[in-house]
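Okay, so here's the structure we're looking at.
Chains as they are written, first to last, in our numbering: chain R, 194 to 639; chain L, 11 to 183; chain A, 188 to 457.
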């Protein structure tokens, strides 16, 4: 009888196993509702008894959370839950009460502490939690001088961003741009630099001569830019650490529109001679310059692909301004833009999959992206005037500048920096002390 | 032969322009108090001032003088173009004459309107400046006396009239 | 008595084998009507259900309460099965009742995890607020449930297939409409897909955490994007749980107990 029982049990078990294995529903989820991820960012907990030169450790902890909140919020991919909704029950050193966080709709949670070390450094610790799964996603600890708290905050933002989106962050970065002041007919244009969130703003030139076209080196603390020093427009190299500038080569004509190669060893630029602009590349170590294009048309705005194998540039060789791609030795020039209107300022995405551009048609200007073969053109923004996109180092966000005319005929206008997500959403102004133009994003700082 | 004719014509024109400008210039670019020597602008019913003070206008080799020649120091271009059209040619012929009679070097500035990207406009401004230079050189001006510089769209002279900003400007160095 | 059980079970089992064999044909198009089979499939779910399911046909409108309901139900004595579908096989009915020994085998896989997904310390308001969106949508599955309830007696394998698809559609709709938040514009978002298997309890809650195919591989360097994508999928499933609002019929539990979900979001350029 026992045998029979076992038989029955196993028989039925077997059958049901087979049945369940076969009667399985399989479905595809192909769409969803794209929305910012609700995240709860709690203040890093610190003691108000521990004092640093920059305030108490408690203050630092709270300020770090504020900066992280602003970073993530600004990305458009996260929505920080109002701290007033928090149910304060967690001890920073234990696992959170996930139910409480789930109740207020949080899907991710930041907790952490700040404390003072004996050597005067601040110790910052944080954990990122998956509220729905009830698990820790990541946790890191930093030691730093108290005055560096802002960078720590950006590093935390980058870590959270990367863990939750799977893409590198871009918060620990800087922007170099042209600060503009004065009347529309008499502009002062200075080189300026700031953190990606607008803090730590600094002018790099004094405005006694015009500067344009700044670009960050992908590998070092250097900027290449165009200066009208001595009324002679030339490409220069600016060292952020030393504050010194040097001219890149002495040529008969104007050099402009510079951009670093991805390895940082070369600068590609336009050189105009007797009214004809062509593209050249300069080896920074040897200062040897090589011509890449030779055409009576304007060839300008060159930009390398992320691996340095190709160059995209702007040319009117076909009769109007269009975007072209060629090999890095100047061979195999191919036009890639074929839509209506004029295309210019192509910039290759650091991801490699897209080229951003300025488009001009029907009295308006647009920022858009297309694949390197010219397909899949998408317009992201539009206005009376905008141009000059630059990519965040993760290839997710574009910054550009836009002019707001003073009157409805388009006269005059203020210029400001703007950013937009690759999807065309989350368009927002980047606040600068004065007007701004020609932004260029730094790589992730090291 | 042809050249000489041109010269004669333009010397006359320049003279006329100078006179006109002297008439018109009641502005503040007057030179120091200089006694006037029988200019045609002398007013008949002036009072019996012992020394008559009259504006003689700018020195002939000054920027103001160049600005005042027929057509002035500026030529204009069509949108996204850099060819020197008929009216620009007339102006540049006058400029060439001025260059020959005044021993000054000039810098030709190439400018664009704001309806284009910064980098492309720098290239376009360079084209325009060189188009002007080439014309002047063809008119017999020594190329070494002319330097070009492009300001792209960065130095507009008019808020909203784009046509006024697409220009080549001859600046006395 | 014993032999009655034996006979019944063996008969039962063989019919089930038949049923099982048929299931692969679901994917073929030559679907033959087999009146008996669906009934038996339903019967299997009965084993697990006897323990707790009582008021199956009643649509559960009040979600915050549902977990408690299932808790209470566990304590109840097994109710007499009152399946419409058992009718054509009236003669087997007695065979079902003695089956509790069988049930014990099945039990560990299902019952210990029947804890309510939503903790009871929730304030009802807050939970209701959270679930507001979800409550708006169950009509489709309700209608389906209605429709099939009436037809149960003439079920064919085609019907089962339809049902399976409709259960799938209901789950898919809920996840797509309310829970899945893909990252638009993510690099390679449309390249590698995420496959997750979920096991539902009879009350619609997740029997265990969703199983993500290749999860371990995703923790290696360079796989961050795929891991984040898998996490987004996982969050969608957890967010949507429990699935009791879909009114997945308890007598068809076997048809929806295990669900494979492929997340293949279309690229942003779609």
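All C-beta atoms, glycine included, are put in the ideal place defined by N, C-alpha and C.
Just so it is clear, the structure is predicted and the values come from calculations on it, not from any experiment.
Close to residue 578 of chain R, with beta-carbon spacing below 9 Å, are these residues of chain L in chain order: 124, 125. Among the residues facing chain A, residue 355 of chain R is included, as its CB has a counterpart in that chain under 8 Å away.
Among the residues of the stretch 344-373 of chain A, those with a Cβ less than 9 Å away from any Cβ of chain R are 347, 351, 352, 354, 355, 356, 358, 359, 362, 363, 364, 365, 366, 367, 368, 369, 370, 371, 372, 373, in the order of the chain.
Taking the C-beta atoms as reference points, residue 425 of chain A is found nearer than 8 Å to residue 325 of chain R. For the pair of segments examined, the stretch 333-344 of chain R was found not to touch the stretch 614-623 of chain R: the number of CB pairs separated by less than 8 Å stays below three. The Cβ of residue 152 of chain L sits no closer than 8 Å to any Cβ of chain R. In the pairwise beta carbon analysis, the stretch 229-238 of chain R is classified as not touching the stretch 376-396 of chain A: fewer than three pairs are separated by under 8 Å. Rounded to the nearest angstrom, the gap between the Cα atoms of residue 458 of chain R and residue 451 of chain R is 13 Å.
Residue 66 of chain L sits in coil when the DSSP states are folded into three classes, being neither helix nor strand. Rounded to the nearest whole angstrom, the C-alpha separation of residue 150 of chain L and residue 364 of chain R is 59 Å.
Within the stretch 398-429 of chain R, 403, 405, 406, 419, 421, 424, 425, 426 place their CB atoms closer than 9 Å to a CB of chain L, listed in sequence order.
Chain-order list of chain L residues neighbouring residue 470 of chain R: 133, 136, by C-beta distance under 7 Å.
Check the Cα spacing between residue 392 of chain A and each of A:381, A:416, A:358: the tightest is with A:358. Per DSSP, the continuous alpha helix (DSSP H) segment holding residue 172 of chain L begins and ends at 172-175.
Interface annotation for the stretch 615-638 of chain R against chain A: 615, 616, criterion Cβ-Cβ distance under 7 Å.
With respect to chain L, the C-beta atom of residue 465 of chain R has a partner C-beta closer than 8 Å. Contact check for residue 585 of chain R and residue 371 of chain R: beta-carbon distance about 19 Å, past the 8 Å limit, so the pair fails to qualify. At a cut-off of 8 Å, the C-beta of residue 140 of chain L has a neighbouring C-beta in chain R. The CB of residue 377 of chain R comes closer than 9 Å to the CB of 166, 169 in chain L, given here in chain order. Under the three-pair Cβ rule at 8 Å, the stretch 153-172 of chain L does not count as touching the stretch 62-75 of chain L. Taking the C-beta atoms as reference points, residue 551 of chain R is found nearer than 8 Å to residue 580 of chain R. Listed along chain A, the residues sitting closer than 8 Å to residue 546 of chain R by beta-carbon distance are 374.
With a cut-off of 8 Å on Cβ pairs, the stretch 562-571 of chain R is not in contact with the stretch 330-339 of chain R, counting fewer than three such pairs. A straight-line Cα-Cα distance of about 15 Å links residue 554 of chain R and residue 509 of chain R.
For the options R:317, R:298, R:334, R:471, the alpha carbon positioned closest to that of residue 280 of chain R is the one of R:298. For residue 447 of chain R, the residues of chain L that pass the 8 Å Cβ criterion are 132, 136, 159, 160, in the order they occur in the chain. Rounded to the nearest whole angstrom, the C-alpha separation of residue 604 of chain R and residue 404 of chain A is 58 Å. Between residue 218 of chain R and residue 346 of chain A, the alpha-carbon positions lie close to 14 Å from each other. In this structure residue 253 of chain R is in contact with residue 307 of chain R, their Cβ atoms being roughly 5 Å apart against a cut-off of 8 Å.
Identification of residues in the stretch 598-613 of chain R having a C-beta nearer than 9 Å to some C-beta of chain L yields 598, 599, 600, 602, 603, 604, 605, 606, given in sequence order.
Note on geometry: alpha-carbon atoms of residue 428 of chain A and residue 537 of chain R lie some 50 Å from one another.
Distance from the CA atom of residue 333 of chain R to the CA atom of residue 236 of chain R, rounded to whole angstroms, is 16 Å.
A straight line joining the alpha-carbon of residue 422 of chain R with that of residue 406 of chain A spans about 53 Å. Bounds of any alpha helix (DSSP H) do not take in residue 340 of chain R, whose DSSP letter is neither H nor E.
Of R:393, R:484, R:314, the smallest CA-CA separation from residue 245 of chain R is found for R:314. Here residue 163 of chain L really is in contact with residue 128 of chain L; their C-beta atoms are around 7 Å apart, less than 8 Å.
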